[in-house]
Each structure stands twice: as C-alpha cells, then as structure tokens.
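Trainee: One structure coming up, written as structure tokens, with questions to follow.
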Amino acid sequence: METSLANERLLEMYQRMLLIRKFEEKVRDLFASGRIPGFVHLYIGEEAIAVGVAAALRESDYVTSTHRGHGHCIARGADVRRMMAELFGKRDGYCKGKGGSMHMFDVSLGILGANGIVAAGCPLAVGAGLTAHLRKTDQVVVGFFGDGATNHGTVHESLNLSAVWKLPIVWVCENNLYAEATPIWATVNISDIAQMGGSYNIPSTIVDGNDVFAVYDAAKVAVKRARAGEGPTLIECKTYRHRGHYEGDPVIYRTRDQEQEWFKKDPIPKFESRLITDGKVTEAKLGSIRLGVEKLIDDAVQFAENSPAPQTEEALDDVFVVPEEALL
Amino acid sequence: MSSRELTFAEAIREGIYQELKRDDRVFVMGEDVGFEDGAFRVTSGFLKEFGHERIRDTPISENGFVGAGVAAAILGMRPVVELMFADFTGVAMDQIYNQAGKLRYMSGGQVKVPLVIRMAMGGGLSAAAQHSQCLYSIFAHVPGLKIVVPSNSYDAKGLIISSIRADDPVMFFEHKALYDKKLGMVPDESYEIPLGKADVKRNGNDVTVVATAMMVHRALEAAEQLQKEGVSVEVIDPRTLVPLDRTAIFSSVKKTGRIVIVDEDYERCGFAAEVSALIAEHGFDLLDAPIIRVATRNVPIPFNPALEDAVIPNSERIKNAINEVMMA
Chain A
0 METSLANERL LEMYQRMLLI RKFEEKVRDL FASGRIPGFV HLYIGEEAIA
50 VGVAAALRES DYVTSTHRGH GHCIARGADV RRMMAELFGK RDGYCKGKGG
100 SMHMFDVSLG ILGANGIVAA GCPLAVGAGL TAHLRKTDQV VVGFFGDGAT
150 NHGTVHESLN LSAVWKLPIV WVCENNLYAE ATPIWATVNI SDIAQMGGSY
200 NIPSTIVDGN DVFAVYDAAK VAVKRARAGE GPTLIECKTY RHRGHYEGDP
250 VIYRTRDQEQ EWFKKDPIPK FESRLITDGK VTEAKLGSIR LGVEKLIDDA
300 VQFAENSPAP QTEEALDDVF VVPEEALL
Chain B
0 MSSRELTFAE AIREGIYQEL KRDDRVFVMG EDVGFEDGAF RVTSGFLKEF
50 GHERIRDTPI SENGFVGAGV AAAILGMRPV VELMFADFTG VAMDQIYNQA
100 GKLRYMSGGQ VKVPLVIRMA MGGGLSAAAQ HSQCLYSIFA HVPGLKIVVP
150 SNSYDAKGLI ISSIRADDPV MFFEHKALYD KKLGMVPDES YEIPLGKADV
200 KRNGNDVTVV ATAMMVHRAL EAAEQLQKEG VSVEVIDPRT LVPLDRTAIF
250 SSVKKTGRIV IVDEDYERCG FAAEVSALIA EHGFDLLDAP IIRVATRNVP
300 IPFNPALEDA VIPNSERIKN AINEVMMA
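Top to bottom, those sequences are chains A and B. Using numbering that gives the first Met the number 0, read the first sequence as starting at 0 and increasing by one per residue. Using numbering that gives the first Met the number 0, read the second sequence as starting at 0 and increasing by one per residue.
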C-alpha cells in the first residue's frame with residue numbers, strides 16, 4: 000500500500016508513537032515506585048490509533064477521550080512536561096493538579112478531556128460537533144471510545160444524535176477485546192463493533208488498529224466526509240493493550256499465549272520495519288529520533304519534579320467562575 | 000418602564016425569547032421544544048421564529064443531549080436545555096453531575112460551562128411518583144451546579160435571563176403547578192436578577208419562614224391567616240439555593256429569633272436540613288425556639304390527590320409549625 004504521506008510527516012508520526020510509548024513506560028515505572036498517586040490506565044500497544052487519527056486532523060479540530068487518554072493527548076501535540084506534572088499533581092500540570100490521569104485536558108489543542116466515566120466523552124463529542132455545525136465552521140470532532148463503552152446507552156444516544164443531525168464526527172472505537180477484565184465475547188453478541196453503525200445509518204469500517212497506515216487511511220476518508228458536511232463515520236480499530244486495564248491489574252483474565260501473539264503485532268516495530276523497507280528512513284535516523292524522545296521524557300520528569308505543589312487553599316478554586324460562590 | 004401581568008410560563012418564555020434575540024450563541028434543545036412548543040408551552044412559537052437550528056427537538060436521549068449541551072457550553076455557546084421533568088434528571092445524571100458540574104474544576108479552570116438545564120418540578124397535579132419530584136436538593140449537594148428555584152413571574156424572567164448569561168452551569172427548576180398562574184407584574188424589557196440574592200416576600204417580626212417555589216405561596220397563605228391571630232410572619236424566598244444568600248436568612252432570624260423552613264423537596268438530607276444546619280451552627284444564639292422543618296415526607300409522591308396532599312406541605316402544616324415555634 001502506497002501512502003500519500005510525506006517523509007517528514009511519517010517521521011513525525013513515528014516520533015509521536017514512540018513518545019506515547021516511552022511516556023507510558025515511564026509512567027508505569029513511576030507509578031510502580033509510588034511517585035504517581037491515583038489510578039493510571041496506559042495506552043501501550045494502541046499508539047497507532049491515536050497517531051493515525053491525529054495525523055488526519057487539523058489543529059482547529061476537537062477530540063474527546065477516555066480514561067485511557069494519555070495517547071490521544073500526546074498524539075494531538077500535548078506537552079509531555081505538563082502532562083507529567085499533572086500526573087505528579089503539580090501546579091504546572093494541565094489541570095493544576097486537580098485532574099490527574101483521567102482528566103487530562105487541553106482546550107487550546109482541542110482536547111476536551113480524558114474522562115473517568117466510560118462512554119461519557121461521546122455526548123461531549125456530539126456537543127462539539129453541534130457547535131461546529133451551528134457556527135458553520137468546517138471543524139471535525141473525533142470521539143474515541145473503547146469496546147467496553149459500546150454497551151453503554153450513551154454511545155448509542157450519541158451515535159444516533161450524530162447521524163440524525165449529520166454532525167462532523169469521526170467515531171473511533173478502540174477495540175482492545177476487553178471491557179476492563181471481561182472479554183468481548185461475554186459483552187456483545189456481534190463479532191464486530193462496526194456492525195453497530197448500521198443501526199444508525201452511519202458508514203462503518205474495520206481496520207487493523209496496530210497499523211498506523213491503515214488507521215490513517217480510514218481516518219482521512221472519514222474526516223473528509225465529516226468536513227464536507229456528509230455526517231459521521233464509525234471506525235473500529237482492532238487492537239490490544241499490552242498492560243492491564245489499570246496499573247496493578249494482575250491480568251488474570253488473559254492467557255500469556257494470547258498476549259505473546261499480540262505483542263508480536265506491536266504497532267511500533269511494525270511501523271519501523273515498514274519505514275525501513277520502504278526506504279523512507281535509515282536505521283540511524285530512527286536512532287536519533289529515539290534519543291530525542293528519551294530526552295523529552297527525562298525533561299518531562301524533571302519538569303514535573305521541579306514544579307511547585309499547589310497550595311492547599313487552591314483546592315477551593317475553579318468550581319465556579321467567581322470562586323467564593325462555590326462556598327455559599 | 001411598562002409592565003403587565005404574565006403567567007409564570009409566559010415570564011420564563013419571554014426571558015428566553017429576549018436572550019435568543021439578543022445573543023446568537025443561545026439555542027434551545029430538548030424533547031418537543033419546537034414541534035410541540037415545549038411540554039409546558041414555555042417555548043411556544045420559538046420554532047416558527049428561530050427555526051430548527053436554534054430550536055432543536057431532540058430524540059428522547061437525555062444523557063446524550065445534556066452532554067451535547069455541556070460541550071457546546073464549554074466551546075462558547077449558551078445552550079438552554081429542557082429536560083421536561085426534574086424526575087428525568089436521573090437518566091442524564093452523569094452528564095449533569097460528573098461532566099457539567101466538574102469539567103471546569105477537573106480541567107484546572109480551563110473552561111467555563113455556561114449551560115442552563117430547565118425542568119418542571121413539583122407536585123399537586125396527581126402526576127405520581129416519577130413526575131412530581133423537586134430533587135433540587137440532590138443537585139445542591141453536588142459541587143459545581145447553581146440551583147435556581149423561582150416562585151413568581153417577575154423573578155422567573157429575571158432569573159432565567161441571569162442564568163443564561165451566567166458562566167457557570169445552572170439547574171433551573173420551574174414549579175409545574177405555577178406555569179399557568181398569573182403571578183404578578185413583569186416589565187416588558189430585559190432585566191437580570193443576580194443569582195445568590197434572596198427576596199423578602201413578606202415582612203414580619205415574630206417568625207422567619209424560608210420557602211421556595213410553590214411553598215412561598217403556601218407560606219404566604221399561612222402568614223395571612225396568622226396575621227389575623229396576631230402573629231407577624233416574615234417570608235423569605237432564597238430564589239437560588241446555590242449560591243445561597245445566607246446573609247438575608249441570618250438577618251431575618253436575628254430580628255425574629257424563630258425560623259420555620261418550608262421545602263417541597265424530601266425532608267431527609269434536603270434543602271431545609273441544610274438551612275437548619277446553617278442556623279444551628281452559625282446562628283444558635285439568635286434562636287428563641289427550636290428550628291422546625293416542614294418538608295415533603297420521605298416517601299415517593301402518591302398518585303391519589305388526597306394522599307399527595309398529605310405528604311407535600313400545605314398551608315395548614317405550615318401554620319401549625321409556625322404556631323409551634325411561637326409557643327416555644
């Protein structure tokens with residue numbers, strides 16, 4: 000398959016995928032050593048989806064995310080220093096230490112939040128699409144959700160609303176085969192989530208979510224439709240998370256054999272070998288990108304460590320626009 | 000300033016209408032808001048004048064379209080979402096209390112949420128247990144939502160205008176038994192009533208009655224009757240529960256030394272309990288008698304009109320409570 004992407008774009012995509020992977024690995028280690036509080040849900044193994052989709056978007060577009068949202072943010076160009084500071088609960092974090100992993104948010108990059116409630120980002124995507132529609136802009140919205148969200152009424156309400164109002168939305172289902180611990184065969188009686196699009200007359204497609212080219216190609220078509228005012232598309236990306244649902248998950252619900260099978264389909268080596276085979280890049284160039292990514296991660300951790308902790312009274316700010324009103 | 004008598008519904012309608020005319024970011028969304036002029040005719044004639052884009056009939060998907068309103072609000076629109084009955088908040092709860100109420104906070108103040116959710120509440124129509132509740136106490140309990148509960152036409156118009164202009168999410172509760180009542184004079188032009196400002200509905204010296212919505216009218220009836228018996232009752236309508244005008248309540252109690260709180264929401268952990276706790280904590284020395292709450296019994300609202308009347312406070316119960324604090 001020939002890609003229309005220029006070399007420079009491809010390398011940028013590779014850098015983003017690797018940045019997600021290395022960020023998540025660092026978070027895994029910092030969490031294990033007790034330096035990051037709370038819950039974290041890592042995106043390792045699914046990087047091709049966020050990056051393939053983001054490559055089809057413009058800066059002015061919007062995305063809504065999930066509890067597994069770090070990858071979507073980095074793919075959209077979020078600053079990993081501020082993300083790491085947020086995970087440390089520091090004041091320079093994206094949310095001043097009030098959101099953490101599940102609420103990473105950067106409205107300036109069109110990231111309308113990771114979300115701690117499964118499927119809750121979908122109505123928000125509808126609202127962003129509705130806003131673009133009412134303002135007659137040609138902005139597009141990507142609504143990410145997992146296979147686990149698809150049995151939530153909210154997803155169906157949102158798919159239907161987007162179809163009936165013909166909104167500029169690309170629905171991206173990241174099907175990693177498990178709703179937390181429960182396998183997909185125990186949660187739906189269909190083999191492909193994409194089938195759900197048919198109920199709403201939404202064109203739907205299935206792609207290998209570990210192949211960044213396949214994801215990009217599907218996203219490009221869907222984004223073009225959305226931008227042209229032709230309404231929503233549903234893209235189901237088949238993938239697998241390398242880690243458990245959350246860090247600390249003993250993953251007793253998957254077999255080691257199944258994991259090994261999927262690890263062989265890791266999207267990053269797959270992308271690397273494609274780049275090398277196609278003669279797009281040298282091994283030396285990939286090496287220098289890797290070094291650059293390592294440096295960004297080290298900087299992010301240092302930035303997070305050096306960032307001041309919020310003052311305890313800041314806990315009372317940001318409820319209402321006039322903070323004192325929240326206390327009345 | 001010319002004014003005329005309007006029903007409660009007409010007053011709310013006029014407020015929304017004037018905002019639709021003034022600000023093109025304002026739009027109305029909900030079940031039957033256009034095709035049927037709204038379930039209680041509050042949006043009558045809007046569809047014809049403003050069209051389907053701004054007067055948006057939705058499928059019966061409360062969680063979906065409330066969420067759409069949340070995202071439209073954070074992106075700068077001014078959605079006025081109608082939920083028909085307060086009882087239906089249950090199916091949209093996540094988007095109300097986890098998204099609308101928390102996105103500003105969780106994002107570290109990156110966004111404002113200028114959303115209005117309007118709904119009909121209250122008993123007296125034999126609408127039974129799922130169409131008669133008030134429920135505002137639930138939303139006052141959760142941080143991040145402003146709670147507006149008007150009792151007459153003048154307040155309703157000024158408060159709906161302020162709510163639409165507010166930069167925070169507002170839950171606007173309209174008592175359904177008041178809709179067709181002519182409840183006072185209303186100026187033609189647009190005006191705001193600040194959120195967080197109580198109004199003294201009747202001046203008195205012997206006892207303070209705090210009441211909202213329909214209960215204001217019942218408290219005034221009781222006060223009228225008691226006047227003949229030589230008891231001077233002051234009736235205070237907080238108008239907004241969040242933010243709450245504590246000063247107005249405390250200065251009245253300072254004068255009277257006695258307080259009865261009348262609340263059509265359920266008694267347990269309700270708004271009356273909150274006011275009662277505030278007085279007990281911060282105004283104990285002002286009291287000459289124990290605080291009495293008159294609230295809806297802790298049972299679902301029954302269908303039979305006589306049973307319904309037995310559980311929702313009426314002027315007889317209010318009168319008895321006032322007599323009781325007067326005797327203490």
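Every residue, glycine too, gets a C-beta built ideally from N, C-alpha and C. These figures come from a predicted structure and were not determined experimentally.
1. What residues from the region 152-173 of chain B come within 7 Å of chain A, judged by C-beta to C-beta, listed N to C?
2. Could you name each continuous beta strand (DSSP E) segment of 3 residues or more that falls completely within the region 71-115 of chain B, going from the start of the chain to the end?
3. Can you tell me where the alpha helix (DSSP H) holding A:N6 begins and where it ends?
4. Please check if any C-beta of chain A sits within less than 7 Å of the C-beta of B:F93.
5. Put B:M325 into one of helix, strand or coil per three-state DSSP.
6. So what does DSSP say about A:R81, is it helix, strand or coil?
7. Give the range of the alpha helix (DSSP H) segment to which B:V293 is assigned.
8. Which partner residues does B:F26 have in the DSSP bridge list?
9. Report buried or exposed for B:S60, applying the criterion of at least 16 other Cβ atoms within 10 angstroms of its Cβ.
10. Here's the rule: buried if 16 or more other CB atoms are within 10 angstroms of the residue's CB, otherwise exposed. What is A:M101?
11. Under a CB-based cut-off of 7 Å, is B:Y135 close to chain A?
12. List the endpoints of the continuous alpha helix (DSSP H) containing A:C121.
13. Once DSSP output is grouped into helix, strand and coil, what is the label at A:D330?
14. Take every Cβ of the region 257-274 of chain A, pair it with every Cβ of the region 62-69 of chain A, and state whether three or more of those distances are shorter than 8 Å.
15. Select from B:S231, B:H174, B:L219 and B:R292 the residue whose C-alpha is nearest the C-alpha of B:T6.
16. Against chain B, which members of the region 86-97 of chain A pass a CB distance test of less than 8 Å?
17. Cβ of A:F22 less than 7 Å from any chain B Cβ?
18. With a floor of 3 residues, list each beta strand (DSSP E) that falls wholly inside the region 165-211 of chain A, ordered by position along the chain.
19. Out of B:A271, B:Q224 and B:E228, which one is the CA nearest neighbour of B:I235?
20. Taking the C-alpha atoms as reference points, what is the distance between B:A71 and A:D216?
21. State the start and end residues of the unbroken alpha helix (DSSP H) segment that holds B:D47.
22. Kindly indicate if chain A contains any beta-carbon less than 7 Å away from that of B:S251.
23. Smallest Cα separation from B:F87: which of B:I317, B:S106 and B:V65?
24. Under 8 Å Cβ-Cβ, which residues of chain A neighbour B:P58?
25. CB B:S125 to CB B:F302, shorter than 7 Å?
26. Between A:G96, A:F143, A:N209 and A:S198, which has its C-alpha nearest A:E304's C-alpha?
27. Should B:K180 be flagged as near chain A, meaning a C-beta pair shorter than 7 Å?
28. Using 8 Å as the threshold, is the region 218-234 of chain A in touch with the region 156-173 of chain A, meaning 3 or more CB pairs across them?
29. Classify B:Q129 as buried or exposed, calling it buried when 16 or more other Cβ atoms lie within 10 Å of its own Cβ.
30. Measuring only between beta-carbons, confirm whether A:I35 sits less than 7 Å from chain B.
31. The region 210-226 of chain B: which residues have C-beta closer than 7 Å to a C-beta of chain A, in chain order?
32. So for B:T255, helix, strand or coil by DSSP?
33. Would you say A:F104 and B:Q132 are within 7 Å of each other, going by their C-beta atoms?
34. In chain order, which beta strand (DSSP E) runs of at least 3 residues are fully inside the region 103-178 of chain B?
35. Would you mind sorting A:L41 into buried or exposed? The rule is 16 or more other CB atoms within 10 Å of its CB.
36. Could you name the residues that DSSP lists as bridge partners for B:Y16?
Mentor: Reading it off the structure:
1. D166 and D167
2. 77-84
3. Looking up residue 6 of chain A in the first sequence gives position 7. Its alpha helix (DSSP H) spans residues N6 to A31.
4. One-based indexing of the second sequence puts residue 93 of chain B at position 94. In the sequence on display, residue 93 of chain B carries Asp and not Phe. With 7 Å as the cut-off, B:D93 counts as an interface residue toward chain A.
5. Here residue 325 of chain B refers to the residue found at position 326 of the second sequence. In this structure, B:M325 counts as helix in the three-state DSSP scheme.
6. Numbered from its first residue, the first sequence carries residue 81 of chain A at position 82. If DSSP states are grouped into helix, strand and coil, A:R81 belongs with the helices.
7. On the second sequence, position 294 is the one that residue 293 of chain B refers to. No alpha helix (DSSP H) contains B:V293, which is instead part of the beta strand (DSSP E) from I291 to T295.
8. Mapped onto the second sequence, residue 26 of chain B falls at position 27. For B:F26, which the question treats as bridged, DSSP gives the partners B:P78.
9. As a working note, residue 60 of chain B is residue 61 in the second sequence. Per the 10 Å Cβ criterion, buried.
10. Along the first sequence, one-based indexing puts residue 101 of chain A at 102. The residue is buried, with at least 16 neighbouring Cβ atoms inside 10 Å.
11. Here residue 135 of chain B refers to the residue found at position 136 when the second sequence is read from its first residue. No, B:Y135 lies away from the interface with chain A (no Cβ there is under 7 Å from its Cβ).
12. Residue numbering aside, residue 121 of chain A sits at position 122 when the first sequence is read from its first letter. Start and end: G120 to R134.
13. Coverage of chain A is limited to positions 0 through 327, which leaves residue 330 of chain A absent and any answer about it impossible.
14. no
15. Here residue 6 of chain B refers to the residue found at position 7 when the second sequence is read from its first residue. Checking every option, the nearest Cα to that of B:T6 belongs to B:H174.
16. G92, Y93, C94, K95, G96 and K97
17. Translated into the one-based positions of the first sequence, residue 22 of chain A becomes position 23. Taking Cβ atoms only, chain B never reaches closer than 7 Å to A:F22, which makes this a no.
18. 168-174 and 203-207
19. Translated into positions along the second sequence, residue 235 of chain B becomes position 236. Nearest of B:A271, B:Q224 and B:E228 to B:I235, Cα basis: B:A271.
20. As a working mapping, residue 71 of chain B is identified with position 72 in the second sequence. As a working mapping, residue 216 of chain A is identified with position 217 in the first sequence. About 29 Å.
21. In the second sequence, the residue the question calls residue 47 of chain B occupies position 48. With the sequence shown as reference, residue 47 of chain B is identified as Lys, and Asp is not the correct amino acid for it. Looking at the DSSP string, the run of the alpha helix (DSSP H) that includes B:K47 is F45 to R53.
22. Residue numbering aside, residue 251 of chain B sits at position 252 when the second sequence is read from its first letter. Taking Cβ atoms only, chain A never reaches closer than 7 Å to B:S251, which makes this a no.
23. Walking along the second sequence from the start, residue 87 of chain B turns up at place 88. Nearest of B:I317, B:S106 and B:V65 to B:F87, Cα basis: B:V65.
24. Here residue 58 of chain B refers to the residue found at position 59 when the second sequence is read from its first residue. Near B:P58 (Cβ distances below 8 Å), the residues of chain A are E156, N159, L160 and V163.
25. Working through the second sequence from its first residue, we reach residue 125 of chain B at position 126. Working through the second sequence from its first residue, we reach residue 302 of chain B at position 303. Taking 7 Å as the Cβ cut-off, B:S125 and B:F302 qualify as a contacting pair.
26. Position 305 of the first sequence holds residue 304 of chain A. With distances taken between Cα atoms, A:E304 lies closest to A:G96.
27. Indexing the second sequence from 1 puts residue 180 of chain B at position 181. Output row for B:K180: interface = no.
28. yes
29. To locate residue 129 of chain B, count along the second sequence from 1; it is residue 130. With fewer than 16 Cβ atoms within 10 Å of its Cβ, B:Q129 is classed as exposed.
30. As a first step, residue 35 of chain A must be located in the first sequence, where it is residue number 36. Not one chain B Cβ lies under 7 Å of A:I35.
31. none
32. Translated into positions along the second sequence, residue 255 of chain B becomes position 256. DSSP places B:T255 in helix when its eight states are reduced to three.
33. In the first sequence, the residue the question calls residue 104 of chain A occupies position 105. In the second sequence, the residue the question calls residue 132 of chain B occupies position 133. The answer is no: Cβ separation not under 7 Å.
34. Listed in chain order, they are 115-120, 145-147 and 169-174.
35. Working through the first sequence from its first residue, we reach residue 41 of chain A at position 42. A:L41 is buried by the Cβ-count criterion.
36. Indexing the second sequence from 1 puts residue 16 of chain B at position 17. In DSSP, B:Y16 forms no bridge with anything.
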